[in-house]
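One structure is given here, and the rest of the page talks about it.
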Amino acid sequence: MSEAGLLTFGEGLAAFSTVSGKLRHATSVEVSIAGPEAGVAIGVARLGVAAAWAGRVGADEPGALVLSRLRDEGVDTSAAMTDQEASTGLVLKDFRTTDSTRSAYYRHGSAGSRLCPEDLPEDRIADAGVLHLTGITPALSDTAAKAVFAAVDVARDEGVPVSFDVAYQQALWPPEDARDVLRELITRADIVFAGDDEARLLGFTGPAGELAENLAALGPEQVVVKLGPRGAIAELGGVRYDVPTYPVRAVDSDGADDAFIAGFLADFLAGAPPERRVRTAAACRAFALTVPGEWEALPDRDELKQLSPRRDRS
28 MSEAGLLTFG EGLAAFSTVS GKLRHATSVE VSIAGPEAGV AIGVARLGVA AAWAGRVGAD
88 EPGALVLSRL RDEGVDTSAA MTDQEASTGL VLKDFRTTDS TRSAYYRHGS AGSRLCPEDL
148 PEDRIADAGV LHLTGITPAL SDTAAKAVFA AVDVARDEGV PVSFDVAYQQ ALWPPEDARD
208 VLRELITRAD IVFAGDDEAR LLGFTGPAGE LAENLAALGP EQVVVKLGPR GAIAELGGVR
268 YDVPTYPVRA VDSDGADDAF IAGFLADFLA GAPPERRVRT AAACRAFALT VPGEWEALPD
328 RDELKQLSPR RDRS
């Protein structure tokens, strides 16, 4: 990266989705890419901030798809690795209604699951403005988990802020296996994003504000508890922020959380004050809801001006 921007490290997937109905009835599919780290990187790049993605894909057409789409969106993929022995993971999506999608993942033994500490671009981590990780990667395999912790260690040694999205997926690991790992990563992070349901999975109780306080007590200076259509509560440097929502017609919620994180981190890297970070995050989330896909609707700076926040959170 030519400037101190975002570096994210994780799994990239090729995504194939129907326009409507079950896959068995489809005569064509939409071709895209998926993975929360990739979505955040694209979102940050669209907001005019340098972003790089480091991960492992197969030496196959789905892998080439992941890398080419990221590059087309201005994301630096020069630290990504191509695995000659494993294929790129896939996700197949059915759109049953405008309110319901169904995703089937094919990632067992994939290139992404073979991530390991040796894959880490340590020099790139040291030069980054922030390292962003998610709770999905350590769930993929033992070596991927070791890679995540090693990346955190490098960042902390170099004084690089660590951003962590809990991003719990029950299909990858049960709560009893995930809880201690996720809590440990939170203690080592500077910025943490968690849904209210994820905070409760980690053992916390109470309203959203109390959840944010409890997460902040583990060590991170900045915590955001995401509440979906009800907005979010942020505890940033000891100051509470009630994050508004923006009224839009929701079409697809996939990628909405990644859009929120991208908006927040882009403004963090740009040196924006906390209040602007959370508003940009909320606006990016709103845009992501408006069309199918995990990242396709992510906005640029000019588009952010089109939205006005809704103040009530009922």
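Converting from the sequence shown to the numbering used here requires adding 27 to each position, the first position being numbered 1.
Think of the CB as a built atom: it goes at the ideal place given N, C-alpha and C, for glycine as much as any other residue.
Note that the structure is predicted; figures quoted are calculated from it, not measured.
Taking Cβ positions, are residue 63 and residue 194 nearer each other than 7 Å?
yes
Can you tell me where the beta strand (DSSP E) with residue 191 in it begins and where it stops?
189–192
Given residue 65 as reference, the closest of 83, 133, 303, 300 once Cα atoms are compared
83
If contact is defined by three or more beta carbon pairs under 8 Å, each pair taking one atom from either stretch, is the region 88–105 in contact with the region 30–41?
yes
If I'm right that residue 313 touches residue 268 with Cβ under 8 Å, what's the distance once you round it to whole angstroms?
Going by Cβ atoms, the distance from residue 313 to residue 268 rounds to 17 Å, so no, they are not a contact pair.
Got a sec? Which residues, its chain only, sit under 6 Å from residue 340 by beta carbon, not counting five neighbours each side?
Reliability of the predicted coordinates at residue 340 is poor, the pLDDT of 43 falling under 50, and the value obtained from them is presented with this limitation in mind. Excluding sequence neighbours, residue 340 sits near 257, 258.
With a threshold of 16 other CB atoms inside 10 Å of the CB of residue 214, please say whether the residue is buried or exposed.
exposed
Does DSSP put residue 270 in a helix, a strand or coil?
strand
Inter-residue spacing [alpha-carbon to alpha-carbon] between residue 46 and residue 311
23 Å
Expected contact under 8 Å - CB spacing of residue 292 and residue 157 to nearest Å:
6 Å
Local Cβ density within 10 Å of residue 135, reported as buried at 16 or more and exposed below that
exposed
In the DSSP assignment, the alpha helix (DSSP H) including residue 60 goes from what residue to what residue?
Here residue 60 belongs to no alpha helix (DSSP H); instead the beta strand (DSSP E) covers 57–61.
CB contact flag (residue 217, residue 248, <7 Å):
yes
Please state the DSSP three-state secondary structure of residue 161.
strand
Give the list of continuous beta strand (DSSP E) stretches no shorter than 3 residues that lie fully inside the region 207–247.
218–222
Close Cβ partners of residue 238 (< 7 Å) along its chain, the five nearest in sequence each way excluded
223, 226, 231, 252
Separation of residue 192 from residue 271, as counted between CA atoms:
20 Å
Under the three-state DSSP convention, the category residue 97 falls into
helix
Report the residue ranges of all beta strand (DSSP E) runs contained in full by the region 112–140; include only those spanning at least 3 residues, in chain order.
116–124, 127–133
N- and C-terminal bounds of the alpha helix (DSSP H) containing residue 170:
169–185
Residue span of the alpha helix (DSSP H) that contains residue 290, given as start and end:
283–296
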